[in-house]
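Residues in the sequence shown are numbered consecutively from 529, following the numbering used here.
Cβ coordinates follow ideal geometry from the N, Cα and C atoms, glycine included.
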Amino acid sequence: MKSKQQVVSENFEAFEKQLPQLLQTHAGKYALLRDKKVVEFFDSVGDAVKYGRDNFPDGLYSVQLVTQEVEDLGYFSHAVP
């Protein structure tokens with residue numbers, strides 16, 4: 529079984545690869561990722577985290593803001609316990 533940090537790292541790499549396309553369609557939204565795929569987009573980080581907690585109780589997901597400059601959301605860009 530993968531560690532949460534490993535899952536987050538894999539999600540981030542997948543997010544970076546998809547970023548050019550995501551910027552065209554979902555700029556300014558928060559992407560919830562699981563298994564290296566975007567599951568859903570949200571208007572707020574809080575909504576994304578709530579969805580993640582409700583749907584993935586194992587905590588193996590991450591949230592990234594779709595923006596030109598990839599930023600570290602700290603707690604939220606890492607696996608949420």
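Item: Complete beta strand (DSSP E) runs within the region 566-605 (minimum length 3 residues, chain order); Value: 590-593
Item: Alpha-carbon to alpha-carbon, residue 567 and residue 550; Value: 13 Å
Item: Sequence-distant residues of the same chain with beta carbon closer than 7 Å to residue 545, five excluded per side; Value: none
Item: Under 8 Å between C-beta atoms of residue 559 and residue 592; Value: yes
Item: Cα-Cα separation between residue 594 and residue 575, rounded to whole angstroms; Value: 15 Å
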